[in-house]
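Below is one structure; the comments refer to it alone.
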Amino acid sequence: MVRTRFAPSPTGYLHIGGARTALFNYLFSKKNNGTFVLRIEDTDLERSRSEYENEIIRDLKWLGINWDEGPDIGGNYGPYRQSQRLELYKTELNKLKDKGLVYECYCTEEELETQRKLQLKQKKPPIYDRRCLNLTQKQKQQYILEGRKPSYRFLVPHKELEYIDLIHGNMKVDTSLISDPIVVKSNGIPTYNFACVVDDYLMKISHVIRGDEHLDNTPRQILIFEALGYQPPSYAHIPMILAPDRSKLSKRHGATSVKELKDLGFVPEAVLNYIVLLGWSPKENREVFRLDEIIERFDFDHILDHPAVYDIEKMKWFNHYYISKILNTEKIISYIQDLEKNSLKDDNFLLVYKNIVEFEKNRVSLLSDFIEVYKMIDNDDITWDNNLINEEIKNYVQTLIKIKDDLQNMNFDSIDSIKDTLKNIQNKFGFKTAQIYKPLRFALTGKFEGIELPKLIYLLKKEKTIKRIQKFIENSNNME
591 MVRTRFAPSP TGYLHIGGAR TALFNYLFSK KNNGTFVLRI EDTDLERSRS
641 EYENEIIRDL KWLGINWDEG PDIGGNYGPY RQSQRLELYK TELNKLKDKG
691 LVYECYCTEE ELETQRKLQL KQKKPPIYDR RCLNLTQKQK QQYILEGRKP
741 SYRFLVPHKE LEYIDLIHGN MKVDTSLISD PIVVKSNGIP TYNFACVVDD
791 YLMKISHVIR GDEHLDNTPR QILIFEALGY QPPSYAHIPM ILAPDRSKLS
841 KRHGATSVKE LKDLGFVPEA VLNYIVLLGW SPKENREVFR LDEIIERFDF
891 DHILDHPAVY DIEKMKWFNH YYISKILNTE KIISYIQDLE KNSLKDDNFL
941 LVYKNIVEFE KNRVSLLSDF IEVYKMIDND DITWDNNLIN EEIKNYVQTL
991 IKIKDDLQNM NFDSIDSIKD TLKNIQNKFG FKTAQIYKPL RFALTGKFEG
1041 IELPKLIYLL KKEKTIKRIQ KFIENSNNME
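Structural data, given as structure tokens:
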């Protein structure tokens, strides 16, 4: 029975790399009729926040990644927050104690750092020297009198460890080069390598799919599995995601969290489609896939063994494609409402947005582009940038004065009637198209480009259009 898990730490928003890890685990479980588990690894007491956990859950659901067991829905192998599983870790630690496979360590952080620097200076690998392995009771008591509390280190057996990575193939590790890891800290909280071993075993996780930054953790975890007498799961380490300059992906490279992408105006279908291609290649001459198509095709054979490059411009292409060719108007509006926090729900809002979406869906890349058009229509407080004022723009006023009466009598009921009137005005005064369109657009929006002018006028309707033109003319004396 395939059981996979996504185990985020609620110390920040869901990163694009974490979203991809969750997606790959979800896809593999669904492909194999298995179970996908959400587990919250919140043992970092200082940085874990419930608001981050809530945001991670919201973002996963927004992407369409749903779990079969988790902290919000329960399951047979809970609790699903590590902070609620401390007694389970104590039980497993006691098993290691009974086998003599852990030992108390009283070293301070300062002492460990001094040892590490000395080893590096001597060009030796920074491996813990086991100075606390054979402490006498008297020595331990002295440390306790000094106020020190022990952590517990796992005694790494020295051997050549072999295991199969489902992406990287056969792996061999000389465990004598692995430092004895702390499994429980002096405050009684388990470390990552110990807690996830216990959880993966007790939750019957069959496959651990995660980023290859965890490759160094895998030998430690396998050794702990073996020490407890448990069968390790299968491991698959997916390639890292790099920035366009092939450096480590960070905030300086733009939006890197799902929340940021959502706030920018990306739709979940496009984000999901894009991130699955960061490391997975379906070997088909296409890039756009529905979720059910991805599940059908997903396997480890098509996961790359080299880093993927994150390109937000490429993701914008996907977003444009989904907006223009796949999503219907009602779905797009529902996403806009979500982006706008559902603050605008009246009938006029829906009607205006329906028109905006249908007019602009072939042009825009982001949902926020629709919102900008709406704000342009809704906000009558137009400002004209004085830094843009030149002789040509001053002439706009004279043009608008000439054609104002004709605009007043225009039929605003359809885009075709607006186009016809503008064409008639053009012929009447001998204007070129730009000589009418440019003044009108600038007067109506304070900008030189945007939605097609007849569509803009249709959305504004007569009252707003005439009012804005009149305001532009009246304020012309302030534009010197």
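Be aware that the sequence shown starts at 591, since it is given in the numbering used here, and climbs by one per residue. Every residue, glycine too, gets a C-beta built ideally from N, C-alpha and C. Since this is a predicted model, take the numbers as computed values, not measurements.
Just tell me which of the options has its CA closest to the CA of residue i.
i	options	result
Glu982	Ala1024, Asp806, Asn615, Asp995	Ala1024
Tyr1048	Tyr964, Phe1038, Tyr986, Asp995	Tyr964
Thr781	Asp764, Thr611, Arg743	Arg743
Glu699	Lys873, Val763, Ser741, His804	Ser741
Val866	Cys697, Val899, Val942	Val899
Ser769	Val692, Asp658, Val954	Val692
Ile532	Glu1053, Leu957, Ile1059	Only positions 591 to 1070 of the chain appear in the structure, and residue 532 is not among them; the question remains open.
Met966	Gln727, Asp806, Lys984, Phe1038	Phe1038
Arg880	Leu862, His892, Asn1014, His896	Leu862
Gln821	Ala1033, Val848, Phe1002, Tyr753	Tyr753
Asp802	Arg595, Asn999, Thr611	Thr611
Gln727	Glu694, Thr594, Lys711, Glu701	Glu694
Lys680	Leu917, Asp891, Val774	Val774
Trp657	Gln998, Phe596, Leu710, Thr633	Phe596
Glu950	Gly869, Asp937, Asn918	Asn918
Leu604	Asp975, Val848, Gly855, Ser955	Val848
Ile663	Lys915, Gly690, Val627	Val627
Ala785	Gln709, Ile812, Lys984, Asn760	Ile812
Ser776	Asn969, Asn1014, Ile734	Ile734
Ile757	Arg721, Glu701, Asp889	Asp889
Pro809	Trp652, Ile799, Asn783	Asn783
Met905	Thr846, Asp1010, Gly654	Thr846
Ile655	Lys1009, Ile902, Asp882	Asp882
Ala860	Arg629, Asn909, Lys1018, Glu736	Asn909
Ile779	Glu930, Glu850, Glu874, Glu682	Glu682
Val746	Asn724, Gly608, Lys1054, Ile772	Ile772
Lys931	Ile1059, Gly855, Glu877, Lys944	Gly855
Val857	Arg1058, Asp959, Arg876	Asp959
Arg800	Lys1054, Pro823, Asn644, Leu818	Pro823
Ser914	Arg953, Glu677, Lys1028	Arg953
Asn1111	Leu1030, Gln732, Pro716, Leu1050	Since the displayed the chain opens at 591 and closes at 1070, residue 1111 lies outside it and no answer follows.
Lys798	Ala1033, Asp1003, Phe618, Asp901	The question names Lys, yet the displayed sequence has Val at residue 798. Of the listed residues, the one whose Cα sits closest to Val798 is Phe618.
Leu839	Ile795, Met1000, Ile884, Asp901	Asp901
Asn938	Tyr718, Pro715, Arg721, Leu1050	Leu1050
Asn969	Arg706, Leu613, Asp1010, Arg1058	Arg1058
Phe1032	Met1000, Trp974, Lys1009	Trp974
Gly869	Ile893, Arg876, Asp853, Leu851	Ile893
Ile1008	Lys1018, Leu1043, Ile993, Lys994	Leu1043
Gly665	Arg629, Cys697, Lys711	Arg629
Ile885	Met591, Asn760, Glu631, Leu613	Leu613
Asp853	Asp649, Glu631, Ser1066	Asp649
Glu962	Tyr864, Gly608, Ile646, Leu929	Leu929
Return the bridge partner residues of residue i from the DSSP annotation.
i	result
Ile754	Asn760
His605	Ser847
Trp870	Ile893
Phe626	Thr594
Tyr742	Glu694, Val774
Val954	DSSP, once it has assigned bridges, lists no residue as partnering Val954.
Ala898	Ile831
Give me the Cβ distance between residue i and residue j, rounded to the nearest whole Å; I'm assuming they're in contact under 8 Å.
i	j	result
Gly1036	Ile972	5 Å
Met793	Tyr667	4 Å
Lys1045	Ile1005	6 Å
Ile923	Val942	Between Val942 and Ile923 the Cβ distance is about 10 Å, and since that is not below 8 Å, they are no contact.
Tyr825	Asp891	The Cβ separation is near 16 Å, so there is no contact.
Leu1012	Phe1062	About 17 Å; that fails the 8 Å criterion.
Ile828	Val787	With 8 Å as the limit, Ile828 and Val787 do not qualify as a contact, their Cβ atoms being about 20 Å apart.
Ile1056	Gln998	6 Å
Arg887	Pro872	5 Å
Ile1015	Ile1026	6 Å
Notebook entry, point to check: Which ranges would you report for the alpha helix (DSSP H) in the segment 639–716 if only whole runs of at least 4 residues count?
Noted result: Fully enclosed alpha helix (DSSP H) runs of 4 or longer: 640–653, 676–688, 699–711.
Check: Can you find at least 3 beta carbon pairs, one from the segment 834–841 and one from the segment 764–780, that sit closer than 8 Å?
Finding: no
Check: So does the segment 611–626 actually touch the segment 683–690, counting three or more Cβ pairs closer than 8 Å?
Finding: no
Check: Taking only runs of the alpha helix (DSSP H) that begin and end inside the segment 982–1059, which ones reach a length of at least 4 residues, in chain order?
Finding: 1005–1019, 1023–1035
Item checked: Those runs of the beta strand (DSSP E) which lie wholly inside the segment 776–838 and span at least 3 residues -> 797–801, 824–828
Next item on the list: May I ask you to verify whether the segment 599–608 touches the segment 628–641, counting CB pairs closer than 8 Å and requiring at least 3?
Entry: Touching, yes.
Margin query: Assess contact between the segment 670–677 and the segment 626–636, defined as three or more Cβ pairs (one per stretch) separated by less than 8 Å. Is contact present?
Written below: yes
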